[in-house]
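Presented below is the structure to which this report refers.
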Amino acid sequence: MAQSQAGTRDGGSRFRRILKTADSSGGGGNPVIKLLGAALILLSTSIIGFRTAKSFADRPRQIRRLRTSLSLLETEIIYGSRRLDQVCEHIARREKKPIGILYQRCTEYLKGLDGVSTYECWKKAVDEVWPETAMKAPEREVLIDFGKTLGISNREDQLANLARVKSNLQVEENQAREEQTRYEKMCKSLGILAGALIVILIY
Numbered sequence: 008m009a010q011s012q013a014g015t016r017d018g019g020s021r022f023r024r025i026l027k028t029a030d031s032s033g034g035g036g037n038p039v040i041k042l043l044g045a046a047l048i049l050l051s052t053s054i055i056g057f058r059t060a061k062s063f064a065d066r067p068r069q070i071r072r073l074r075t076s077l078s079l080l081e082t083e084i085i086y087g088s089r090r091l092d093q094v095c096e097h098i099a100r101r102e103k104k105p106i107g108i109l110y111q112r113c114t115e116y117l118k119g120l121d122g123v124s125t126y127e128c129w130k131k132a133v134d135e136v137w138p139e140t141a142m143k144a145p146e147r148e149v150l151i152d153f154g155k156t157l158g159i160s161n162r163e164d165q166l167a168n169l170a171r172v173k174s175n176l177q178v179e180e181n182q183a184r185e186e187q188t189r190y191e192k193m194c195k196s197l198g199i200l201a202g203a204l205i206v207i208l209i210y
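Structural data, given as structure tokens:
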């Protein structure tokens with residue numbers, strides 16, 4: 008931590024020395040260079056703010072798509088007669104990424120890994136795809152727990168488990184929407200304001 012703070016201070020000192028050098032040459036520095044520097048700072052902090060805001064918007068949207076995919080799985084359990092890998096492949100075609108990728112990975116593991124349990128295939132797919140999502144640990148725990156009974160219990164138990172999982176995800180979606188309302192605009196504003204503050208302090 009000390010090394011990181013020292014590195015930050017050193018980087019800031021070097022940047023200020025460069026600006027002072029620019030100021031001393033040419034009577035206050037090249038205004039075009041200063042303008043470009045200020046624009047780059049504002050652009051960088053704004054991108055950070057907007058990307059953070061996007062994660063707050065993406066999370067409830069992805070949870071909703073996940074719940075929709077589980078409804079498709081529920082329909083297959085009630086009316087269908089296909090194998091689980093075929094069901095996952097069908098859902099993968101219906102859903103956009105990252106949800107579709109989750110089912111596609113599960114399909115590949117179910118087809119290719121002989122002797123591996125359904126739970127292990129499901130968990131491996133979740134673990135692999137999760138970093139590409141905006142969802143958080145509570146949703147992951149719900150999915151991992153769901154995989155423990157996937158494909159091994161009777162129809163009634165699987166339907167009851169699906170209902171419970173969708174209900175839990177609904178709770179998480181509601182909380183995610185509250186966070187989106189609370190933080191999305193704030194992150195965008197902070198990104199712009201932080202850049203403006205840095206420009207004021209430096210220039």
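To convert a position in the sequence shown, counted from 1, into the numbering used here, add 7.
For every residue, glycine included, the Cβ atom is placed at its ideal position computed from N, Cα and C.
Being a predicted model, the structure only gives us computed values, none of them experimental.
Secondary structure at proline 105: coil, using DSSP grouped into helix, strand and coil. The closest CA to that of glutamate 179, considering only Val39, Ile205, Ala60 and Arg68, is found on Arg68.
By the beta-carbon neighbour count (other beta carbons within 10 angstroms, threshold 16), isoleucine 106 is buried. Between serine 53 and isoleucine 199 the beta-carbon gap is near 5 Å, inside 8 Å, which marks them as a contact. Inter-segment contact for the segment 142 to 157 and the segment 65 to 79 is present: three or more beta-carbon pairs are separated by less than 8 Å. Around the Cβ of valine 172, a 10 Å sphere holds 16 or more other Cβ atoms; the residue is buried. Here isoleucine 98 is actually not in contact with leucine 117; their C-beta atoms are around 12 Å apart, not less than 8 Å. Note on geometry: alpha-carbon atoms of arginine 66 and asparagine 37 lie some 44 Å from one another. Alanine 60 places its beta carbon less than 9 Å from that of tyrosine 190. Per DSSP, the continuous alpha helix (DSSP H) segment holding tryptophan 129 begins and ends at 125 to 136. Judged by DSSP in its simplified three-state form, arginine 66 adopts helix. In this structure tyrosine 110 does not touch glycine 154 by the C-beta definition: roughly 12 Å separates them, more than the 8 Å allowed. Judged by DSSP secondary structure, methionine 193 falls within the alpha helix (DSSP H) whose first and last residues are 162 to 209. In summary, aspartate 92 is buried, with 16 or more beta-carbon neighbours lying within 10 Å of its beta-carbon over all protein chains present. By alpha-carbon distance to glutamine 165, the top candidate from Leu204, Leu50, Ile85 and Gly119 is Ile85. Separation of the CB atoms of leucine 157 and tryptophan 137 is rounded to 17 Å, and the pair is thereby denied contact status at 8 Å. Straight-line spacing of the CA atoms in threonine 188 and alanine 141 works out to 16 Å. Between the alpha carbons of glutamate 139 and alanine 183 lies a gap of roughly 17 Å.
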